[in-house]
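Engineer: The structure's right below; bear with me while I get my questions together.
Spelled out as structure tokens, the structure:
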């Protein structure tokens, strides 16, 4: 019973579940705002009404998703004070800076231009109005960067000084925090993953209508636009992921070792990447694996002859580094183990890659088989529709890998997760709030899905008879759609 009411375990479950739920909306907001901006720009440049209709369709989906993201994101910051008060006191001087920038600069910038975009259809010139949606996307990008900079401090703490008298870390250089190498590589990787998700959502909506032979001209355009977006973004994800992997090896070598279940240090051909492995129950010995020689060395170091440290060597190194001094209270785990849960990091890393690659494969095949005609079996369209969650799931397991792979630290090398939890919050209180969040978030998920599904099934809005002679619609009819 005590294990079931362990405040640390429940607080971690609560923060993990609510964060993953919130992150369902974040990449779609980032990616879809960009795609809507592109579609509207093409309409302004070409005057073809199909691009305006697609802008309105996916703009509506974007706004529904944005609203839900705001609602679920507010809960995240409350949890720092409720369940992680020790962490908040210890790191608040640094962590608060990028969060404040996100709220006071990026979010308000983004929200302002969303308002101008929604209500400016019949009030702003077309070329000015299209700029508002581009500014919305810029706002989402800045918002994402500030949040990732805060998270990057947890992965690779920089720009701080430990004040032992006050028992906290204090900000010394905001430039170092914002230009953290982890943030600089994590940001483009997250951005491309978000664009992938948005591209596949566009493909899924188009496939649903094409299966029913509805809005064929618009949806054929949307299908190919979304598929190309997904494929190109996947290339970006791969390139930036490689850069992030090398930075991760330098800053968190244990995470890379755990991702490969590499217990003994290796180099060259021995530093191989396992596509699939079976091991003993404790994970310490390999029974069978399928491996690609040299690949782990390349992913970790950018060279085929580099070395990768193993879990056992790193464990001994960290024990000597973090468990010997007088200040080891915050840096030495109670059980003395510095490796994360191996099977979680190992499989999360592979599911992240596999799900993303599968989404790109579906789009590539879809581009090929729809290049000449759309008379395809229903199962083909269903595959395209059900491919929509793949990039989202890849992003979610990617964050599981990122956060679980950092354990046992809440701030790498500075404070362990068990030291960050609130000391005065009983397990039953966390359990009650966890159950409440689960129920509320479950209801919100149903509402979100139904609203987006309804908007997607309605398709692009029909144009009224008051359209101008050159084929450009009267924008006033769209001013109150949202």
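Residue numbers (this note's numbering): 1 to 482. Even glycine gets a Cβ: it sits at the ideal position worked out from N, Cα and C.
With three or more C-beta pairs closer than 8 angstroms as the rule, is the stretch 207-216 touching the stretch 445-459?
Structural biologist: Yes, since at least three Cβ pairs between the stretch 445-459 and the stretch 207-216 fall closer than 8 angstroms, the two stretches touch.
Engineer: Hey, out of 69, 221 and 395, whose CA is closest to residue 357's CA?
Structural biologist: Here residue 357 refers to the residue found at position 357 of the chain shown. The candidate whose alpha carbon is nearest that of residue 357 is 395.
Engineer: In whole angstroms, give me the CA-to-CA distance for residue 273 and residue 387.
Structural biologist: In the chain shown, residue 273 corresponds to position 273, counting from 1. In the chain shown, residue 387 corresponds to position 387, counting from 1. Roughly 27 angstroms separates the two Cα atoms.
Engineer: Please state whether DSSP places residue 307 in a helix, a strand or coil.
Structural biologist: Residue mapping note: residue 307 aligns to position 307 of the chain shown, counting from 1. Residue 307: strand per DSSP, three-state reduction.
Engineer: At which residues does the beta strand (DSSP E) containing residue 409 begin and terminate?
Structural biologist: Along the chain shown, one-based indexing puts residue 409 at 409. Element bounds for residue 409: 409-411.
Engineer: If you check the beta carbons only, do residue 28 and residue 198 fall under 7 angstroms apart?
Structural biologist: What you label residue 28 is simply residue 28 of the chain shown in a count that begins at 1. What you label residue 198 is simply residue 198 of the chain shown in a count that begins at 1. A contact, by the Cβ cut-off of 7 angstroms.
Engineer: Decide if residue 332 is buried, meaning its Cβ has at least 16 other Cβ atoms within 10 Å, or exposed.
Structural biologist: Mapped onto the chain shown, residue 332 falls at position 332. Result: buried.
Engineer: For a minimum of 4 consecutive residues, which ranges assigned as the alpha helix (DSSP H) are wholly contained in the stretch 209-266?
Structural biologist: Here the runs fully enclosed are 216-251 and 253-259.
Engineer: How long is the line joining the alpha carbons of residue 14 and residue 434, rounded to whole angstroms?
Structural biologist: Stepping through the chain shown from its first residue, residue 14 is reached at position 14. Stepping through the chain shown from its first residue, residue 434 is reached at position 434. Roughly 6 angstroms separates the two Cα atoms.
Engineer: Any idea which residues DSSP pairs residue 163 with across the strands?
Structural biologist: In the chain shown, residue 163 corresponds to position 163, counting from 1. In DSSP, residue 163 forms a bridge with 168.
Engineer: Using the Cβ count rule (16 or more neighbours within 10 Å means buried), how would you classify residue 373?
Structural biologist: Along the chain shown, one-based indexing puts residue 373 at 373. Answer is exposed; the Cβ neighbour count stays below 16.
Engineer: Kindly indicate which three-state DSSP category residue 24 falls into: helix, strand or coil?
Structural biologist: The count along the chain shown starts at 1 and reaches residue 24 at position 24. Helix at residue 24.
Engineer: Assign residue 218 to buried or exposed, taking buried as 16 or more other Cβ atoms, counted over all protein chains shown, within 10 Å of its Cβ.
Structural biologist: Position 218 of the chain shown, counted from the start, is the residue given in the question as residue 218. Residue 218 should be labelled buried.
Engineer: What is the DSSP secondary structure of residue 273, reduced to helix, strand or coil?
Structural biologist: Here residue 273 is taken as the residue at index 273 of the chain shown, counted from 1. The answer is strand: DSSP assigns residue 273 an E or B state.
Engineer: Where residue 79 and residue 18 are concerned, what is the direct C-alpha to C-alpha distance, given to the nearest angstrom?
Structural biologist: The residue labelled residue 79 in the question sits at position 79 within the chain shown. The residue labelled residue 18 in the question sits at position 18 within the chain shown. Rounded to the nearest angstrom, the two C-alpha atoms are 10 angstroms apart.
Engineer: If you draw a straight line from the alpha carbon of residue 481 to that of residue 261, how long is it in whole angstroms?
Structural biologist: Looking up residue 481 in the chain shown gives position 481. Looking up residue 261 in the chain shown gives position 261. In this predicted model, residue 481 has a pLDDT of only 43, less than 50, meaning its place in the structure is not dependable; the value taken from the coordinates is given anyway. Using only the alpha carbons, I get a separation of about 53 angstroms.
Engineer: Using a Cβ-Cβ cutoff of less than 8 angstroms, which residues in the same chain neighbour residue 44 once the five nearest sequence positions on both sides are dropped?
Structural biologist: Numbered from its first residue, the chain shown carries residue 44 at position 44. So the list reads 126, 127 and 130, once near-sequence residues are dropped.
Engineer: Name, in chain order, the residues that DSSP records as bridge partners for residue 416.
Structural biologist: What you label residue 416 is simply residue 416 of the chain shown in a count that begins at 1. Answer is 409.
Engineer: Determine whether the beta carbon atoms of residue 404 and residue 344 lie at a separation below 7 angstroms.
Structural biologist: Against the chain shown, residue 404 aligns to sequence position 404. Against the chain shown, residue 344 aligns to sequence position 344. Yes, they are a contact pair.
Engineer: Can you tell me whether residue 155 is buried or exposed? The criterion is at least 16 other CB atoms within 10 Å of its CB, across all chains shown.
Structural biologist: Residue numbering aside, residue 155 sits at position 155 when the chain shown is read from its first letter. So residue 155 counts as buried.
Engineer: Quick one: grab the DSSP three-state call for residue 473.
Structural biologist: Within the chain shown, the letter at position 473 stands for residue 473. With a pLDDT of 49 at residue 473, under the threshold of 50, the modelled position of this residue cannot be trusted, and the question is left open.
Engineer: Since I believe residue 367 is in contact with residue 227 (beta carbons under 8 angstroms), could you give me their beta-carbon distance rounded to a whole number of angstroms?
Structural biologist: Counting from one through the chain shown, the residue named residue 227 turns up at place 227. Counting from one through the chain shown, the residue named residue 367 turns up at place 367. Sure, about 5 angstroms apart at Cβ, within 8 angstroms.
Engineer: Excluding the five sequence neighbours on either side, which residues of its own chain have a C-beta within less than 8 angstroms of the C-beta of residue 314, listed in chain order?
Structural biologist: For the purposes of this step, residue 314 is identified with residue 314 of the chain shown, where counting begins at 1. Answer for residue 314: 253, 254, 257, 338 and 339, listed in chain order.
Engineer: What are the start and end residues of the alpha helix (DSSP H) that includes residue 338?
Structural biologist: Sequence index remark: in the chain shown, residue 338 carries index 338 (1-based). First-last for residue 338: undefined, no H or E at that position.
Engineer: On the three-state DSSP scale, how would you describe residue 312?
Structural biologist: For this step, residue 312 is matched to residue 312 along the chain shown. Here residue 312 sits in helix by DSSP.
Engineer: With a threshold of 16 other CB atoms inside 10 Å of the CB of residue 382, please say whether the residue is buried or exposed.
Structural biologist: Looking up residue 382 in the chain shown gives position 382. Exposed, because fewer than 16 other Cβ atoms sit within 10 Å of the Cβ of residue 382.
Engineer: Could you give the first and the last residue of the continuous alpha helix (DSSP H) run that contains residue 448?
Structural biologist: Along the chain shown, one-based indexing puts residue 448 at 448. Counting along the chain, the alpha helix (DSSP H) containing residue 448 begins and ends at 427-458.
Engineer: Residues in the same chain with beta-carbon distance under 7 angstroms from residue 528, minus the five sequence neighbours each way, listed in chain order, please.
Structural biologist: An answer regarding residue 528 cannot be provided, because it is not within the stretch 1 to 482 covered by the chain.
Engineer: Ignoring anything shorter than 4 residues, give me the alpha helix (DSSP H) runs that lie fully in the stretch 77-101, in order along the chain.
Structural biologist: The qualifying runs are 85-101.
Engineer: Checking 7 angstroms against the spacing of the C-beta atoms, do residue 191 and residue 150 come in under that value?
Structural biologist: Along the chain shown, one-based indexing puts residue 191 at 191. Along the chain shown, one-based indexing puts residue 150 at 150. No; because the gap between Cβ atoms is not below 7 angstroms, this pair is not in contact.
Engineer: Determine the burial state of residue 132: buried for a count of at least 16 other Cβ atoms within 10 Å of its Cβ, exposed for fewer.
Structural biologist: Counted from its first residue, the chain shown places residue 132 at position 132. Classification of residue 132: buried, given that the 10 Å Cβ count is 16 or more.
Engineer: Given residue 323, which residues of its chain have a CB within under 7 angstroms of its CB, disregarding the five upstream and five downstream residues?
Structural biologist: As a first step, residue 323 is located in the chain shown; it is residue number 323 there, counting from the start. Once the five neighbours on either side are set aside, the close Cβ partners of residue 323 are 332 and 336.
Engineer: Please classify residue 525: is it buried, with 16 or more other beta-carbons within 10 angstroms of its beta-carbon, or exposed?
Structural biologist: The shown model of the chain, from 1 to 482, leaves out residue 525, and the question about it has no answer.
Engineer: Check for me: the alpha helix (DSSP H) holding residue 369 runs from which residue to which?
Structural biologist: Translated into the one-based positions of the chain shown, residue 369 becomes position 369. Unbroken alpha helix (DSSP H) run through residue 369: 342-369.
Engineer: Please name the residue in 427, 422, 238 and 461 whose C-alpha comes closest to that of residue 352.
Structural biologist: Start at 1 with the first residue of the chain shown, and residue 352 comes out as number 352. The residue with the shortest Cα to Cα distance from residue 352 is 238.
Engineer: Considering only their Cβ atoms, is the gap separating residue 172 from residue 244 smaller than 7 angstroms?
Structural biologist: Taking the chain shown and counting its residues from 1, the one referred to as residue 244 is at position 244. Taking the chain shown and counting its residues from 1, the one referred to as residue 172 is at position 172. Taking 7 angstroms as the Cβ cut-off, residue 244 and residue 172 do not qualify as a contacting pair.
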